[in-house]
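First the structure, in the form of structure tokens, and then the observations on it.
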Amino acid sequence: MNRPPPTSRRGFLKFGGAVALTAPFVTRNLLAASPSGQVRHASFGASGMAFADVTSIAAHPAVKVVAVCDVDSNRLADFKKRFPDARVYEDYRVLLEKEKELDSVNVSTPDHMHGPIGMAALQHGLHVYGQKPLTHDIYETRRLTEVAREKKRVTQMGIQIHSNREYRMAVQLVQEGRIGKVKEVHTWSSKEWGDNGAMPTRQDPVPKGLNWDLWLGVSAARPFIGDGWYHPGNWRKRLDFGTGTFGDMGCHIFDPVFKALALTAPTSVRSEGAAPNEHSWATNAIVRYIFPATAYTVPGSIPITWYDGKQLPPEDIRKLLGDHPFPDQGSILIGTEGVMVIPHIALPALLPESKFADFKLPTVQGADHWKQFVDAVRGEGKTSAGFDYAGPLTESILLGSVASRFPKTTLEWNAAKLEFTNVTEANAYVRRAYRKGWEVAGL
């Protein structure tokens with residue numbers, strides 16, 4: 001597998017022209033030493049999904065938000081109003097070095113910084129709530145999963161619908177055998193996080209208050225382009241910063257399928273859509289997976305196909321819904337005894353309606369995904385989407401991104417070795433090299 005040179009074991013701080021940390025990471029006085037079991041929390045990101053995450057976590061009465069890091073001071077207003085006493089940082093490495101009494105963090109930045117910041121927080125002994133996708137690259141996902149397990153840290157990925165009644169019910173119905181053994185799955189999203197157009201050739205002034213170098217983080221330096229080309233609007237479309245529609249919505253929509261069928265790693269993946277260009281993901285993807293059979297599928301293997309943008313499951317599959325509305329986003333599971341449609345987000349439906357007319361949905365309770373994380377940090381219960389679950393889910397999703405670079409080519413995957421076995425060129429996209437000076441221990 002093509003990999004960058006081994007990363008330095010030196011620490012994270014490299015500012016003012018000097019590396020400021022070469023010793024092992026500081027061991028924190030974690031929750032046991034906090035006053036009255038209080039959870040001292042910091043947010044990486046201040047607005048958008050970050051603000052939703054930190055305010056949801058802070059709704060727990062045991063949480064005190066003590067710090068925030070954001071590279072754009074223009075996006076701090078709502079955070080400062082909600083948490084006026086929290087200390088504000090621009091560089092995540094400085095926050096982690098100075099805030100020595102933290103217990104937990106949420107990493108809710110653009111995708112390209114999920115892995116570096118998440119790993120840094122774990123290396124500092126912190127519990128991590130990480131937004132989806134867990135990381136930008138497959139190797140990062142595997143390493144975060146391993147290190148979180150080694151350090152016995154509480155983790156949760158931000159697929160909050162995973163804890164909702166709707167998705168929990170879908171999982172329960174499948175595992176109860178209501179549609180028999182599952183034979184195939186089709187899952188889709190109408191979103192279009194891609195761009196087939198030309199990249200602007202201009203270089204725009206960096207807006208006041210935005211630290212463009214820190215925003216780029218581990219990615220290669222480049223000129224700033226305004227009008228939302230990167231920040232804050234369309235980074236999801238760009239190869240170096242986002243993971244396209246699949247990375248954004250696949251982690252949500254694929255989740256109840258992955259959980260219900262108890263899937264492991266796929267054995268192969270194939271893209272039928274267009275390849276990305278030199279800077280952006282393509283739209284209208286079709287990605288075909290083959291997964292090993294499980295206790296909830298027919299023997300042999302299970303085919304699962306993803307569609308996004310204007311692509312949809314074939315007409316014969318859509319007709320299985322009969323008069324039931326076809327959702328804008330969701331999944332269809334075809335079983336030996338019936339069909340299930342899982343809308344994103346609504347209660348699942350069992351079809352054909354004539355067969356299940358007298359069936360009553362069971363009583364299933366949902367949970368607060370963020371409260372679940374805080375409770376687990378306090379030693380009260382466990383998270384439902386910790387990295388041991390979210391890691392393999394994310395790896396499967398990101399395999400689709402790699403496959404899109406090799407259209408009409410079946411890539412055979414060896415999950416244990418973290419490599420493609422038949423198209424060695426694809427291994428260059430399993431792990432990226434970080435920009436010099438941004439190396440992170442453990443990645």
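Terminal number for the sequence shown in my numbering: 443, no gaps in between. Note that CB positions come from ideal geometry on N, CA and C, so glycine has one too.
- About 6 angstroms separates the beta carbon of Gly335 from that of Lys181, a gap short enough to meet the 8 angstroms contact definition.
- With fewer than 16 other CB atoms across the displayed protein chains lying within 10 angstroms of its CB, Met199 is exposed.
- In terms of Cβ geometry, Arg143 and Leu443 form a close pair [threshold 8 angstroms].
- Of the candidates Glu101, Val66 and Asp70, Val66 places its Cα closest to the Cα of Ala86.
- Scanning Tyr289, Asp227 and Ser301 for the CA closest to the CA of His186 turns up Tyr289.
- In terms of CA proximity to Thr409, Phe420 leads the group Ala415, Phe420 and Ala416.
- DSSP, read as helix, strand or coil, puts Met249 in helix.
- Annotation note: the stretch 122–205 contains the following uninterrupted beta strand (DSSP E) runs of length 3 or greater, listed N- to C-terminal: 127–130, 155–157 and 182–189.
- With contacts defined as CB atoms closer than 8 angstroms, Ser189 and Arg238 fail to qualify as a contacting pair.
- Note that the C-beta distance between Val374 and His124 is not below 8 angstroms.
- Within the same chain, Ser271, Glu272, Gly273, Ala274 and Ala275 come within 8 angstroms of Pro407 by CB-CB distance, once the 5 residues on both sides are set aside.
- Beta-bridge analysis with DSSP links Gln329 to Ser189.
- In terms of Cα proximity to Ile57, the closest of His324, Leu96 and Gly158 is Gly158.
- Collapsing the DSSP output to three states places Thr305 in a strand.
- Around the Cβ of Glu439, a 10 Å sphere holds 16 or more other Cβ atoms; the residue is buried.
- Pairing Ala428 with Gly194, the inter-Cα distance amounts to about 21 angstroms.
- Three or more beta-carbon pairs separated by less than 8 angstroms link the stretch 365–385 to the stretch 148–156, which places the two stretches in contact.
- In the three-state reduction of the DSSP assignment, Thr409 falls in the coil class, being assigned neither a helical nor a strand state.
- In the DSSP assignment, Phe44 falls outside any alpha helix (DSSP H) and lies within the beta strand (DSSP E) extending over Val39 to Phe44.
- Per the C-alpha coordinates, the member of Phe241, Asp204 and Asn211 positioned closest to Phe224 is Asp204.
- Among the bridge pairs identified by DSSP, Pro343 is matched with Gly330.
- When secondary structure is reduced to three states using DSSP, Val374 falls in the helix class.
- Minimum Cα-Cα distance from Thr294 among the listed residues Asn414, Lys259 and Gln38 corresponds to Lys259.
- Taking a contact as a CB-CB distance under 8 angstroms, the pair Ser219 and His112 counts as one, their CB atoms being some 6 angstroms apart.
- The bridge partners DSSP lists for Asp72 are Leu210.
- Here the C-alpha atom of Leu261 lies approximately 13 angstroms from the C-alpha atom of Tyr389.
- In this structure, the beta-carbon distance from Glu395 to Thr141 falls below 8 angstroms.
- When rounded, the separation of the alpha-carbon atoms in Gly115 and Lys355 is 47 angstroms.
- Taking C-beta separations shorter than 7 angstroms and ignoring five residues to either side along the sequence, the partners of Gln38 in its chain run Ala62 and Lys64, following chain order.
- With respect to Phe79, Val68 sits close: the two C-beta atoms are nearer than 8 angstroms.
- Straight-line spacing of the CA atoms in Tyr89 and Arg178 works out to 51 angstroms.
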